[in-house]
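Worksheet: the structure to be examined is printed underneath.
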Amino acid sequence: MTKLSFRSHAAKKFEEGSPLTDTFGRKHNYLRISLTERCNLRCTYCMPAEGIQLSPKEHIMTYEEIYTIAKKFVQMGVTKIRLTGGEPLVRKDAALILEKLASLPVQLTLTTNGVIVDRFIDHFKKCGIKTLNISLDSLHSHKNKEITRRSYFEKVYQNIILLVNEGFFVKVNCVLMKGFNDDEIIDFINLSKKLPIQVRFIEFMPFDGNRWNMDKLVSLEEILSKVRSSYKKEDIVKLEDAPNDTTKSYQIKGYQGNFAVISSVTNPFCDGCNRIRLTANGQIKNCLFSSKESDLLTPLRAGKSITPIIQKTVQSKLKIRNGMDTLDKFGQPSAHSNNRSMIAIGG
Ligand code: SF4
235 MTKLSFRSHA AKKFEEGSPL TDTFGRKHNY LRISLTERCN LRCTYCMPAE GIQLSPKEHI
295 MTYEEIYTIA KKFVQMGVTK IRLTGGEPLV RKDAALILEK LASLPVQLTL TTNGVIVDRF
355 IDHFKKCGIK TLNISLDSLH SHKNKEITRR SYFEKVYQNI ILLVNEGFFV KVNCVLMKGF
415 NDDEIIDFIN LSKKLPIQVR FIEFMPFDGN RWNMDKLVSL EEILSKVRSS YKKEDIVKLE
475 DAPNDTTKSY QIKGYQGNFA VISSVTNPFC DGCNRIRLTA NGQIKNCLFS SKESDLLTPL
535 RAGKSITPII QKTVQSKLKI RNGMDTLDKF GQPSAHSNNR SMIAIGG
């Protein structure tokens, strides 16, 4: 290939790729926006007991800034936006933000702890939201209190039923921790017998202040082994997963809903990663485990273009879990202790 034809080949490849394609060919079309660092719960795996240092109010994106940044991402190829937090719905202008973002050509969804979703049902419908992820780590009130340091189990459970009755598809996110809730795996799966929901078991991951260690991890293999010992082999059906799915999904024959496992630790799904995260104070992260962030808010407020910063951040993304490509590296605290608490990342 001559130098000239090589150059035109490279230019053609660039034109073909989306501006959000990284060096491994992964197209990033999914933006997760954290609306706030605040939450009405205090989950132990999400934040340290003493709480976190909140960003000053003036450093948090306004709803106009969220919309402007989201619109830029949509112009660059984003087709799905998930709102996270903290708890996204505790933000006073949450309804307004939902409406603004619903005007963009994207699939809009959110992850919430479910405590106040009943106040937003009409808004969700108005904004075309079809699916919601709700966090629930135990089916026992006292255990929920232990993990969330608050007493909202009944409320959240009733809200899940309400959302299902109102026609939303609910995904129940359950972070499994050995010795705490791994004895509830089958009870959770049995929720999907009568309810058309997806129960999602998430492997416990390390973040600042959550005292992660490998011994607390309940792996994909352990979950499946419990499932195999509780149901007949022919009744456990493996469902097809979409290319960018983080889940490995299954269904028990005859059940209305299904269950899935998110195995970020023992079986990472980084090959198909299409996610970029925007924190409530306007920083982007190219990986959940990346402690490096790129500031979009300061240049945006200064009237500068944020496009090159977004592209550079995507281009610098590493192949697997920000470089933690083996379980050994995962076990080293230095590999992840500089990362934010989950509450400040937005999951
Ligand atoms: S660990 Fe990072 S690269 Fe892997 S799927 Fe999650 S965000 Fe993507």
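Take the position in the sequence shown, starting the count at 1, then add 234; the result is the number in our numbering.
The beta-carbon is built from N, C-alpha and C at its ideal position, and this holds for glycine as well.
Beta-bridge pairing by DSSP links I470 to I486. Taking E292 as reference, the option from K467, L531, L552 and V340 with the minimal CA-CA separation is L531. Burial is judged here by how many other beta carbons sit within 10 angstroms of a residue's own beta carbon; P502 has at least 16 and is buried.
Beta-bridge annotation (DSSP): K519 is paired with R511.
Each residue's CA atom was taken as its position, placing P430 and Y391 some 14 Å apart. Comparing alpha-carbon positions, the option among P282, N399 and L330 lying closest to T382 turns out to be P282.
Using a C-beta cut-off of 8 Å, the segment 392 to 399 makes contact with the segment 366 to 377, since at least three inter-stretch Cβ pairs fall below that distance.
Remark: C-beta atoms of T480 and I496 approach each other more closely than 8 Å.
In this structure, ligand 1 has no non-hydrogen atom nearer than 7 Å to the beta-carbon of S426. Annotation note: the segment 239 to 318 contains the following uninterrupted alpha helix (DSSP H) runs of length 4 or greater, listed N- to C-terminal: 297 to 309. A distance criterion of 7 Å places the beta-carbon of S525 beyond contact range of ligand 1, judged by its closest non-hydrogen atom. Annotation: D469 to Q485 spans about 8 Å, alpha carbon to alpha carbon. In this structure, DSSP gives K553 a state outside helix and strand, which the three-state scheme calls coil. Two segments are said to touch when three or more pairs of C-beta atoms, one from each, lie closer than 8 Å; by this definition the segment 485 to 494 does not touch the segment 517 to 530.
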